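**Student:**
In our numbering, the protein residues as written are 47 to 434.
1) Three-state secondary structure (DSSP) at residue 295?
2) Would you report the Cα separation of residue 231 and residue 194, rounded to the nearest angstrom?
3) How far does the alpha helix (DSSP H) with residue 396 in it reach, from first residue to last?
4) Please look up how many angstroms separate the CB atoms of residue 300 and residue 278, rounded, as I've assumed it's under 8 Å.
5) Return the bridge partner residues of residue 111 from the DSSP annotation.
6) State buried or exposed for residue 293, treating a residue as buried only when at least 16 other CB atoms are found within 10 Å of its CB.
7) With DSSP as the reference, label residue 413 as helix, strand or coil.
8) Please classify residue 297: is it buried, with 16 or more other beta-carbons within 10 angstroms of its beta-carbon, or exposed?
9) Can at least three beta-carbon pairs, one atom from the stretch 107-123 and one from the stretch 72-87, be found at a separation below 8 Å?
10) Do you know how far the Cα of residue 368 is from the Cα of residue 323?
11) Within 8 Å, do at least three Cβ pairs link the stretch 283-292 to the stretch 233-247?
12) Looking only at its own chain, which residues have a Cβ that is under 6 Å from the Cβ of residue 215, when we skip the five neighbours before and after it?
13) Grab the span of the alpha helix (DSSP H) containing residue 81 for me, first residue to last.
14) Does the Cβ-Cβ distance between residue 347 and residue 383 come in under 8 Å?
15) Tell me the DSSP secondary structure of residue 360 in three-state form.
16) Do residue 186 and residue 178 come within 8 Å of each other at the CB atom, strictly closer than that value?
17) In terms of residue numbering, what span does the beta strand (DSSP E) encompassing residue 191 cover?
18) Would DSSP call residue 429 helix, strand or coil?
19) The beta strand (DSSP E) spanning residue 148 covers which residue range?
20) Between the stretch 240-255 and the stretch 155-173, do three or more beta carbon pairs fall short of 8 Å?
21) Relative to the C-alpha of residue 359, which residue among 61, 273, 389 and 316 is closest?
22) If you reduce the DSSP assignment to three classes, tell me which class residue 160 lands in.
23) Taking residue 188 as the reference, which of 142, 152, 147 and 198 has the closest Cα?
24) Let me know if residue 132 comes out buried or exposed under the rule of 16 or more other beta-carbons within 10 Å of its beta-carbon.
25) When the Cα atoms are used, what is the spatial distance from residue 289 to residue 273?
26) Could you say which of 184, 200 and 408 lies nearest to residue 175 if we only look at CA atoms?
27) Between 380, 209, 420 and 111, which lies nearest to residue 237 when the distance is taken from Cα to Cα?
28) For the beta strand (DSSP E) holding residue 281, just list the boundary residues, first then last.
If you want it as structure tokens, here you go:
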């Protein structure tokens, strides 16, 4: 057993007690309990427990359960200060008075100072990168606080900027002294990559908006040509067929108009879309505002562009079927969303029984409901109901 002659601290010196306890551990590889250490050095158990806890926190000793007893051994772990040079981040260890205990080569390169010039200096008294800034000093954890994180910017010699993510962690060092571990991770390349991605996304959005604008303009040009042809036709039957085709093209155009105007890349606000479409249908069929009543959810309902276009075409066809060629039938278009499962319900109801037809319009509706919306079409006595 280790002899403590001339080794015991002569006064209440924390460093000396820690050294004495470490020397005792080195002489007893089988481990020691708190009671064993207390008997050997003549110090009460509470004080011994405090010192052993300091050594445990700093990684110098570790505890194992041997039966019901806690037994402490010298740790086989490498102390933190011996590991910081293996990190790819800049790391600085500070004591509780904010003096530099040590720093790895990454921080020395960032600060442009030699290790011997940095060690032992108070960061408040110098102009060290990141460490001496007000932003850093104001985030030093107070007693009981945990890890603190901040972003920092350091001017680069190339007239640019370097960006860092800084973590300040409360720590205890080999001697049990309290302090802070500062981990400085450079995020410059990551931020530049994120900015490049964001720029590419903005460019993509601008291109898609331009595409929607051009598609809308082309469709409106086609609708205008069809309208001119309709006015030149000498047959009511031909004019009615051309009007239906014109309305189909306009329903497509309105969807692209909203995608452009609202700066939305792939989603359409159904309420705004159907209100615009029904306004066009009122004009096309020479109906008063009351001719097609519209009741839609007050809250925003977004559909992907393909589904929205399908809904627009379905409404166009069902209104055309219900209105007939004379356009005297009053209609009620309503939409709702189930709060339970999010199912959408779209109804087109007339104020009188509608004529059944198996023409192109109804065939188009069935195809759109089944293939585009994966929904169901119900035929009612006075209209239709679509669920999807």
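Beta carbons are placed, not taken as given, at the ideal position from N, Cα and C, and that holds for glycine. Given the structure is predicted, the values throughout are model-derived calculations rather than measurements.
**Tutor:** Taking the definition as stated:
1) helix
2) 14 Å
3) Taken as a continuous stretch (DSSP letters only), residue 396 belongs to no alpha helix (DSSP H), being part of the beta strand (DSSP E) at 390-396.
4) Between residue 278 and residue 300 the Cβ distance is about 25 Å, and since that is not below 8 Å, they are no contact.
5) 116
6) Residue 293 is buried by the Cβ-count criterion.
7) helix
8) buried
9) yes
10) Spanning the two alpha carbons is a distance of roughly 16 Å.
11) no
12) 193 and 227
13) 80-87
14) yes
15) helix
16) no
17) Here residue 191 belongs to no beta strand (DSSP E), and DSSP marks it neither H nor E.
18) strand
19) 146-149
20) no
21) 316
22) Coil at residue 160, not helix or strand.
23) 142
24) Residue 132 should be labelled exposed.
25) Distance between the alpha carbons of residue 289 and residue 273: 7 Å.
26) Looking at the Cα atoms, 200 is the closest of the given residues.
27) 209
28) Element bounds for residue 281: n/a, residue is neither H nor E.
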